[in-house]
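As you go down the protein sequences, you meet chains A and B in turn.
The first sequence lines up with residues 0 to 283 when you count with numbering that gives the first Met the number 0.
The second sequence lines up with residues 0 to 371 when you count with numbering that gives the first Met the number 0.
Beta carbons: idealized from backbone N, C-alpha and C, even for Gly.
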Amino acid sequence: MAKVAIKKTSEIRAEYYRPNSFPTIWCPGCGIGNVVASMVRAIDTVGLKHDDTVVVTGIGCSGIIYNYLNFDAYHGIHGRAIPVAVGLKLANPRLNVIVPMGDGDSSAIGGNHLIHAARRNIDITAIVVNNSTYGNTGGQFSPLTPTGSITTTSPFGNIENSFDLCELAKGAGATYVARGATYYSRQMIDLIANGIRHKGFSLIEVISQCPVQYGRRNKLPTAVDLLKWQKENTVSVTRAKTMSPEELKGKFIIGELVNIEAPDQEYTARYERLIEKARSGGKS
Amino acid sequence: MGKVTVISGNEACVEGALAAGVRFFAGYPITPSTPIAEGMSRRLPPIGGKFIQMEDEIASMNCIIGASLAGLKVLGATSGPGFSLKEESFGVAMLMEVPCTVIDVMRVGPSTGMATMPAQGDIMAARWGTHGDHPVIALAPSSVRECFELTVKAVNLAERFRTLVFVLTDAILASLLERVEIPDSVETVNRPRPTVPPAQYKPYQITPDGVPPMADFGAGYHWYASSNMHDERGFLATDQHAVAWTLAQRLRDKILKHKDEVTFYSTEWMDDAEVVVYAFGSTARSARAAVKMARAKGIKAGFVKTQTIWPFPEELVSKIAEKARTIVVPEMNMGQMVEKVREVVCGRAKVVSVARVDGILIPPAEILEAIK
Numbered sequence: 000m001a002k003v004a005i006k007k008t009s010e011i012r013a014e015y016y017r018p019n020s021f022p023t024i025w026c027p028g029c030g031i032g033n034v035v036a037s038m039v040r041a042i043d044t045v046g047l048k049h050d051d052t053v054v055v056t057g058i059g060c061s062g063i064i065y066n067y068l069n070f071d072a073y074h075g076i077h078g079r080a081i082p083v084a085v086g087l088k089l090a091n092p093r094l095n096v097i098v099p100m101g102d103g104d105s106s107a108i109g110g111n112h113l114i115h116a117a118r119r120n121i122d123i124t125a126i127v128v129n130n131s132t133y134g135n136t137g138g139q140f141s142p143l144t145p146t147g148s149i150t151t152t153s154p155f156g157n158i159e160n161s162f163d164l165c166e167l168a169k170g171a172g173a174t175y176v177a178r179g180a181t182y183y184s185r186q187m188i189d190l191i192a193n194g195i196r197h198k199g200f201s202l203i204e205v206i207s208q209c210p211v212q213y214g215r216r217n218k219l220p221t222a223v224d225l226l227k228w229q230k231e232n233t234v235s236v237t238r239a240k241t242m243s244p245e246e247l248k249g250k251f252i253i254g255e256l257v258n259i260e261a262p263d264q265e266y267t268a269r270y271e272r273l274i275e276k277a278r279s280g281g282k283s
Numbered sequence: 000m001g002k003v004t005v006i007s008g009n010e011a012c013v014e015g016a017l018a019a020g021v022r023f024f025a026g027y028p029i030t031p032s033t034p035i036a037e038g039m040s041r042r043l044p045p046i047g048g049k050f051i052q053m054e055d056e057i058a059s060m061n062c063i064i065g066a067s068l069a070g071l072k073v074l075g076a077t078s079g080p081g082f083s084l085k086e087e088s089f090g091v092a093m094l095m096e097v098p099c100t101v102i103d104v105m106r107v108g109p110s111t112g113m114a115t116m117p118a119q120g121d122i123m124a125a126r127w128g129t130h131g132d133h134p135v136i137a138l139a140p141s142s143v144r145e146c147f148e149l150t151v152k153a154v155n156l157a158e159r160f161r162t163l164v165f166v167l168t169d170a171i172l173a174s175l176l177e178r179v180e181i182p183d184s185v186e187t188v189n190r191p192r193p194t195v196p197p198a199q200y201k202p203y204q205i206t207p208d209g210v211p212p213m214a215d216f217g218a219g220y221h222w223y224a225s226s227n228m229h230d231e232r233g234f235l236a237t238d239q240h241a242v243a244w245t246l247a248q249r250l251r252d253k254i255l256k257h258k259d260e261v262t263f264y265s266t267e268w269m270d271d272a273e274v275v276v277y278a279f280g281s282t283a284r285s286a287r288a289a290v291k292m293a294r295a296k297g298i299k300a301g302f303v304k305t306q307t308i309w310p311f312p313e314e315l316v317s318k319i320a321e322k323a324r325t326i327v328v329p330e331m332n333m334g335q336m337v338e339k340v341r342e343v344v345c346g347r348a349k350v351v352s353v354a355r356v357d358g359i360l361i362p363p364a365e366i367l368e369a370i371k
């Protein structure tokens, strides 16, 4: 793991946060703020040029992430952050495009866009805050909600299977896939930083906590309960290799799951070559 | 001296977009608009532009919104079902004030309808398709030459007013071949960009013109493009009633106060006309023939072809109503435009609808019957 330079919080705030934007809208105990803090630390660690960095979000609690930061930012409709990000990146490949999304935004309404961006291997960094619920609309189940969960639209228990979003992204062709958890915030910074550094489509799923809309209906009423749950239900990539499929059942593997270095296979790089080919009359 | 060529309406849309400076296109295959996407995929890369075929219509619309925010002139093209799919995202371009041009090659609907057959059934969809109140500019060509000219105008107006502009063509124009002269260059318009330092920049500033300057993402202005109701700085105003109302009115007024810049039409045989045919798009071709036939029979018929569908040219129609006894409105739908004509005429003249939805261009004889 790369070493993280520790800047003072006040320095980070002055540099990346919009003045007078606090307090946030998020509920007490919510994990999204932790993800934002790690994301900003990661941006700072990588040393992205401020003017060249764009934050693109959709709808949901995670859609508001942009609102506290002072980057060029897009806050649009539900599920469509990724195609907007694709347009920005392709139009201006110099931009660093970071797309924080919730589990519903990214895996349900926007799921198609996620897999196709992964397939194209376009250099954007998708950060999925997976808090197992549609928090903004009051706690419905999402495609990432564990089976059996009680939610406002599964009052008798959720009978649907959940996606393994990391496996989905990997299968679709993402060249950087990682999973972290808010419990491991230091690791989260490294995972996001590596995702940003990576030339190609990056997906970082962060398991986060929503005590108000999810936890309290599922016998995990506080942030502490949910963070303990994270600790008990996550295993590192290294440890997972020593475990049987039975032992891994219901566990979340955290760490870097995919990291394929092939910058020339990234979409905008391919596009530049396409333009050269087209300019030379179609001959390569 | 430009280049004289024989091309289709779809190809003319491609040429018009390129001449106007469009350098980004995102689309999804759909009949009968697909040749526009094909043309763009062939023409853009050699000039350093970008074409991308997205996973669906919704993605295509959002992709051009993103590219426009990065500072490029952008185009989308689709047909009926795709138009319906994009509608939520149309509202984004309108409220966020992101210049975009979308061509809708109209075919018979609803639903899959008749994929290869012409219609003019998306008039009201273009006006009210996306939810909520919003400004709309929609232009309709009636020839291959006009496909070129109005695509240029649409791109220019999108930039001029920081908004979404529609070009409504149809399945006839799509593949109709006509002789056109493509000029060496056309008049182009660039969106207003900020001249103030970033600290003073307000992306939704209330200006006398109603159109706030727009910074490219990545240009150092660090602004928010928001699909929520927002204040002048782009900050959330979802609980600020006065801010929301001010924004809604500005969006409406920035178009309506400049109606003269967006209203295009032509008239013929109007001096003594008692019966006026008010037509648009492919139907205008039949309508003009019908008026000529009527004149040959000694009927005092006049012809008005409007290229501007929205905002509705109320003054024009009102002026016609003052002099004409009858106004005939032919259209390939069940009577969408005629409703608006009736509203403006308000009993001052007889309004006759000639409407059909069967994929057949209304023949001149049918319009002539209505003139008689």
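May I ask which residues mark the beginning and end of the alpha helix (DSSP H) holding B/PHE8?
Note that residue 8 of chain B is Gly in the sequence shown here, rather than Phe. B/GLY8 -> alpha helix (DSSP H) spans 8 to 19.
Thinking C-alpha only, which one of A/SER153, A/ASN66, A/TYR175 and A/GLY86 is nearest A/PRO262?
A/TYR175
Exposure of B/VAL226, with buried meaning 16 or more beta-carbon neighbours within 10 Å:
Correcting the residue type first, residue 226 of chain B is Ser in the shown sequence and not Val. The residue in question, B/SER226, is buried, as its Cβ has 16 or more Cβ neighbours within 10 Å.
Looking at chain A, which residues of the stretch 183 to 195 of chain B have a Cβ within less than 9 Å of any of its Cβ atoms?
none
Take the Cβ of B/ALA69 as the centre, count every other Cβ of all protein chains shown within 10 Å, and call the residue buried at 16 or more, exposed below.
buried
Chain A contact for B/LEU71 (CB, 8 Å cutoff)
Yes, contact with chain A.
If the criterion is Cβ atoms closer than 8 Å, does the pair B/ALA25 and B/GLY81 meet it?
No, the pair does not count as a contact, with Cβ atoms beyond the cut-off.
Give me the Cα-Cα distance between B/MET213 and B/LYS296, rounded to the nearest whole angstrom.
56 Å
What residues in the stretch 204 to 218 of chain B bring their beta carbon closer than 9 Å to a beta carbon of chain A?
ALA214, ASP215, PHE216, GLY217 and ALA218
Using Cβ-Cβ distances below 8 Å, what residues of the stretch 92 to 112 of chain A are close to chain B?
ARG93, LEU94, ASN111 and HIS112
I need the boundaries of the alpha helix (DSSP H) containing B/ILE366, first residue and last residue.
363 to 370
Do you know offhand how far B/ILE171's Cα is from A/VAL98's?
42 Å
Report the three-state DSSP secondary structure of B/PHE89 (helix, strand or coil).
helix
Tell me A/LEU167's beta-bridge partners as DSSP assigns them.
Bridge partners of A/LEU167: none, in fact.
Please list, in chain order, the chain B residues whose beta carbon lies closer than 7 Å to that of A/TYR15.
By Cβ distance, chain B contributes nothing, its closest Cβ being about 10 Å from A/TYR15, past 7 Å.
Below 6 Å CB to CB, which residues in the same chain sit around A/GLY134 once its five sequence neighbours on both sides are set aside?
CYS60, CYS209 and GLN212
Contacts around B/LEU71, its chain only, beta-carbon distance under 7 Å, and the 5 residues preceding and following it disregarded:
ARG22 and PHE23
Short of 8 Å Cβ to Cβ, which residues in the stretch 133 to 152 of chain A face chain B?
Residues passing the 8 Å Cβ filter: none.
Mind listing which residues of the stretch 27 to 53 of chain B have their C-beta closer than 7 Å to chain A's C-betas, in chain order?
Those would be PRO44, PRO45, GLY47, LYS49, ILE51 and MET53, in chain order.
Identify each residue in the stretch 196 to 219 of chain A for which the Cβ-Cβ distance to at least one residue of chain B is less than 9 Å, and report them in chain order.
Of all residues in the stretch 196 to 219 of chain A, none has a Cβ within less than 9 Å of some Cβ in chain B.
Just verifying my parser: in three-state terms, what is the DSSP assignment at A/GLY78?
Three-state DSSP puts A/GLY78 in coil, outside helix and strand.
How many whole angstroms separate the CB atoms of B/ALA157 and B/LEU163, which I take to be in contact at a CB cut-off of 8 Å?
Taking C-beta atoms under 8 Å as the contact rule, B/ALA157 and B/LEU163 qualify, at a distance of about 7 Å.
Can the beta-carbon of A/GLU275 be found less than 8 Å from the beta-carbon of A/ILE121?
no
Since B/ILE51 and B/CYS62 should fall inside the 8 Å C-beta cutoff, what is the C-beta to C-beta distance between them, to a whole number of angstroms?
6 Å
Do A/ASP104 and A/HIS77 have their C-beta atoms closer together than 8 Å?
yes
Just to check my reading of the structure: B/ILE64 and B/SER88 have Cβ atoms closer than 8 Å, yes? What is that Cβ distance to the nearest angstrom?
7 Å
Roughly how many angstroms lie between the CA atoms of B/GLN199 and A/GLY147, to the nearest whole one?
52 Å
Taking the alpha-carbon of B/LYS253 as reference, which of B/ARG287, B/HIS133 and B/VAL351 has the nearest alpha-carbon?
B/HIS133
Assuming B/ARG324 and B/LYS349 form a contact by the criterion Cβ under 8 Å, report the distance between their Cβ atoms to the nearest whole angstrom.
Sure, about 7 Å apart at Cβ, within 8 Å.
Below-8 Å beta-carbon distance, A/VAL53 vs any chain B residue:
Interface with chain B (8 Å Cβ-Cβ cutoff): A/VAL53 is included.
Neighbourhood of B/PHE216 by C-beta, 6 Å cutoff - its chain only, sequence neighbours within 5 removed:
LEU68 and ALA69
Touching or not, the stretch 276 to 293 of chain B and the stretch 115 to 123 of chain B, by the rule of three or more beta carbon pairs under 8 Å?
yes
CB contact below 8 Å: B/CYS62 versus chain A:
yes
Look at the alpha carbon of B/ALA354 and the alpha carbon of A/GLY57, and state the distance between them as a whole number of angstroms.
Note on geometry: alpha-carbon atoms of B/ALA354 and A/GLY57 lie some 42 Å from one another.
Using a Cβ-Cβ distance under 8 Å, would A/ARG12 count as near chain B?
no
Taking Cβ positions only, does A/GLY179 come closer than 8 Å to chain B?
no
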